[in-house]
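Step one of this worksheet: look at the structure below.
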Amino acid sequence: MPARIAVLSFAYAIGGVLIGILSATASCKLFGRVTHFSFARELEKANLAFGNAVGGLFVMIGLIIGLGLN
7 MPARIAVLSF
17 AYAIGGVLIG
27 ILSATASCKL
37 FGRVTHFSFA
47 RELEKANLAF
57 GNAVGGLFVM
67 IGLIIGLGLN
């Protein structure tokens, strides 16, 4: 029985990671469409404000998914 619990916990964690990656990718694409910014161009220019906005987006998604999985 403990092995089954460990396998299910591992599968649950992997599922959460996959959901997080897919959500982050979708959010970045949506953010790019809404704001009409080029991620590559803005990061090449070392735009600190843009980097902070994208970082905040990733933190927000991580918190939502992390708290939702608990």
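In case it helps, the numbering used here puts the sequence shown at residues 7 to 76.
A virtual CB, placed ideally from N, CA and C, is assigned to each residue, including glycine.
Please name the residue, chosen from 18, 57 and 52, that lies closest to residue 37 on a Cα-to-Cα basis. 57
Grouping DSSP H, G and I as helix and E and B as strand, with all else coil, what is residue 52? coil
Measuring only the C-alpha atoms, how far is residue 28 from residue 51? 26 Å
In three-state terms, what does DSSP make of residue 44? coil
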